[in-house]
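K.L.:
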Amino acid sequence: MIKNIFKKMLLRMLIWTEKRPQQETAHKKLPFWYKEVHIPVTVIITVNALLILVSLILEVGPTARKLTGLILFLGIFFLLVVSYMRKYLSHLSKDNDAIMLMGILTSMSVLVIETVKSGRGLSPFFIPLAGIILLAAMLLGESAGIILSVAVSVVLGLMYGFNFEYFIYHFVAGLVAVWYSGRIKRRQDIMTNGVYVAVSNIIFIFIFTLLGRLRASDLQGNLLWAVANGFSGAILVLALLSPFETFFSRITHIKLIELSDFNQPVLKRLMLEAPGTFQHSLSVASIAEQAAEAIGADSLLVRVGSFYHDVGKLIKPEYFIENQIATENPHDFIQPSMSGLVVISHVREGASIARLQNLDRPIIDLIEQHHGTSLMYVFYQKALESMGETKEAVFRYPGPKPKTKESAILMLADSCEAATRAVESLSPGKIKDTVEKVINNKFTDGQFDEAPISLSDLHKLAESMITTLTGMHHARVEYEQQETKERGPDSQG
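By our numbering, the letter at position 488 of the sequence shown is numbered 567, and the numbering carries on one by one without gaps.
So, in structure tokens, the structure goes:
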């Protein structure tokens, strides 16, 4: 029976491994080492479970009764963790890179616990689990950090003879690290996080001492370990954050803020060589940021992605209307099909520029997905008028379609900004009609088929974009109308 179970497990792993390369899209950039080694999720979970099991067996002893109890406990515990992830972190449970990272952080935690436990003169209060939990929160989200905090704190308590104080101490430290993770905008903020963790540790050392759970004679030493815990965890994060970002194609708010600096080479080029596109990108960023906040998406990611989404226009800036200031439109002198090729190419060129600048994968995804497979209606209509019949596919962007809320928001913000800019005699009513038309057209065209976005989200996005665009344009309209009245209808600017 056991032999058959292992045969079935092995067969499923082999089938998964065989299918995995076929499931990767041409647009997904995998870490260099991961292109060659495809590790099934079942293997990741099994390795972590076995590592924890072996560590606990070393603690409680390899008797049949205790071994059975440990296996039952770990089985139920892992089942609860996996069930929680599937229900509340579905985006992570479908992301093999995220599961791999979570597995590595879990294994790292167990190995650190075992190393400190087997080392002489090291206190359990020193184990820098909060640093590893902070890595999970920064790279995978706060919910992932909380899950890891629960998991590794339980394991630590078991490895130290079911010690409740150690569990509470590290669990609370992990929660403090996760709580502050959302405020980390610069690398020095990581050290501040370490200070908060150290303060939490000190408080609980005093509590346990007052309750008689720790000896008063050990108070000074325990306090030193508590402080060392906070700062060693912060140093661990500083050392591992950049490599983990690179290997697992993750991006943190620290990196996003660095990329939002207009002194970044590609943004400086955009400002100087395609000023119209640069201004358009700033407007799109404002619209997209507010929209992202309305539906709980990553507003900083979509804002920074907006700055870079049109960098491909640097190749031929004069072919895009926002850069055609007091110049002829080159599209008037070429075939519609050629116009389509030039405009479509800005997505591919943008992704190439982003890779040359070593921009992170989430930014490249936004560049590649912000037009999806949309139809360039103006050039398509011109082709129909001039040739009578043409293939619609020639005038569609190659995709991929948006796969995240952020890329869907960027698509809508980009289209709505351009559409309202083209409307004459703009008014709040026209802005509302334009935004609703753009969103409806994108929806019926199937551009959101692969994005986790609901009709309720689209309704909230419409309201947000209408409000932002009205604020951006209507104030200027009122000012221009007032200026005309003061100067008289026949005045010349």
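Just so you know, even glycine gets a beta-carbon here, dropped at the ideal spot from N, CA and C.
For glycine 467, is the classification buried or exposed, using 16 other Cβ atoms within 10 angstroms of its Cβ as the cut-off for buried?
P.N.:
Classification for glycine 467: exposed.
K.L.:
Find out if the Cβ-Cβ distance for the pair leucine 235, leucine 208 is shorter than 8 Å.
P.N.:
Their beta carbons are under 8 Å apart, which means leucine 235 touches leucine 208 by this criterion.
K.L.:
From alanine 364 to aspartate 528, what does the alpha carbon distance come to, in whole angstroms?
P.N.:
Cα-Cα distance, rounded: 24 Å.
K.L.:
Since lysine 470 is in the alpha helix (DSSP H), which residue starts that stretch and which ends it?
P.N.:
Run containing lysine 470: none; DSSP gives neither H nor E here.
K.L.:
Short check: CB of histidine 388 to CB of aspartate 297, under 8 Å?
P.N.:
No. Outside cutoff.
K.L.:
Grab me the residues of lysine 539's own chain with a C-beta within less than 6 Å of its C-beta, minus the 5 sequence neighbours each way, in chain order.
P.N.:
Cβ within range, chain order: Ala373 and Ile374.
K.L.:
Whole angstroms are fine: how far does the CA of isoleucine 413 sit from the CA of glycine 220?
P.N.:
For glycine 220 and isoleucine 413, the distance between alpha carbons rounds to 49 Å.
K.L.:
Just verifying my parser: in three-state terms, what is the DSSP assignment at leucine 168?
P.N.:
Leucine 168: coil per DSSP, three-state reduction.
K.L.:
Please determine, among Tyr239, Ile212 and Asn519, the residue with the shortest C-alpha to C-alpha distance to leucine 319.
P.N.:
Checking every option, the nearest Cα to that of leucine 319 belongs to Ile212.
K.L.:
If I follow the unbroken alpha helix (DSSP H) through isoleucine 374, where does it start and stop?
P.N.:
Unbroken alpha helix (DSSP H) run through isoleucine 374: 354-374.
K.L.:
Using only CA atoms, which one of Ala472, Ser535 and Pro441 lies nearest to leucine 489?
P.N.:
The shortest Cα separation from leucine 489 among Ala472, Ser535 and Pro441 belongs to Pro441.
K.L.:
Compute the Euclidean distance between the alpha carbons of leucine 303 and leucine 201, then round it to the nearest angstrom.
P.N.:
Whole-angstrom Cα-Cα distance: 11 Å.
K.L.:
Any contact between the stretch 338-354 and the stretch 531-551? By contact I mean 3 or more CB pairs, one from each, below 8 Å.
P.N.:
Flag = no, the stretch 338-354 and the stretch 531-551 do not touch.
K.L.:
Which same chain residues end up closer than 7 Å to threonine 104 when comparing Cβ atoms and leaving out the 5 residues on each side of it in sequence?
P.N.:
Low confidence applies to threonine 104: its pLDDT is 40, below 50, so where it sits in the model is not reliable enough to give any reading.
K.L.:
For the pair the stretch 446-458 and the stretch 416-432, tell me if three or more CB-CB distances fall below 8 Å.
P.N.:
Segments in contact, yes.
K.L.:
If you compare alpha carbons, which of Val278, Val274, Met270 and Pro203 is closest to phenylalanine 246?
P.N.:
With distances taken between Cα atoms, phenylalanine 246 lies closest to Pro203.
K.L.:
Considering only their Cβ atoms, is the gap separating arginine 265 from isoleucine 333 smaller than 8 Å?
P.N.:
Against a cut-off of 8 Å, the Cβ pair of arginine 265 and isoleucine 333 comes out as a contact.
K.L.:
Which partner residues of leucine 454 appear in the DSSP bridge assignment?
P.N.:
Paired residues: Arg475.
K.L.:
Could you check the C-alpha separation between valine 316 and aspartate 268 for me, to the nearest Å?
P.N.:
Whole-angstrom Cα-Cα distance: 11 Å.
K.L.:
Is it the case that the Cβ atoms of leucine 190 and serine 228 are separated by a distance below 8 Å?
P.N.:
No, the pair does not count as a contact, with Cβ atoms beyond the cut-off.
K.L.:
So what does DSSP say about arginine 265, is it helix, strand or coil?
P.N.:
Reduced to three states, the DSSP call for arginine 265 is coil.
K.L.:
Taking contact to mean at least 3 C-beta pairs separated by less than 8 Å, is the stretch 162-182 in contact with the stretch 268-283?
P.N.:
No, the stretch 162-182 is not in contact with the stretch 268-283.
K.L.:
My understanding is that phenylalanine 283 touches valine 251, with C-beta atoms under 8 Å, so please give their C-beta distance in whole angstroms.
P.N.:
So it is a contact: roughly 6 Å between Cβ atoms.
K.L.:
Closer than 7 Å: is that where the CB of valine 514 sits relative to any heavy atom of the ligand GTP?
P.N.:
In terms of ligand content, the structure shown is empty, and the ligand GTP therefore cannot be addressed.
K.L.:
With a CB to CB cut of under 6 Å and the five nearest residues on each side skipped, what residues in its chain are close to phenylalanine 327?
P.N.:
Within the same chain, phenylalanine 327 has close Cβ partners Asp176 and Leu180.
K.L.:
Should aspartate 71 go down as buried or exposed, given a rule of 16 or more other Cβ atoms within 10 Å for buried?
P.N.:
Given that the chain is displayed from residue 80 to residue 572, the structure contains no residue 71 and the question cannot be resolved.
K.L.:
In whole angstroms, what is the alpha-carbon distance linking asparagine 301 and leucine 129?
P.N.:
Straight-line Cα distance between these residues: approximately 32 Å.
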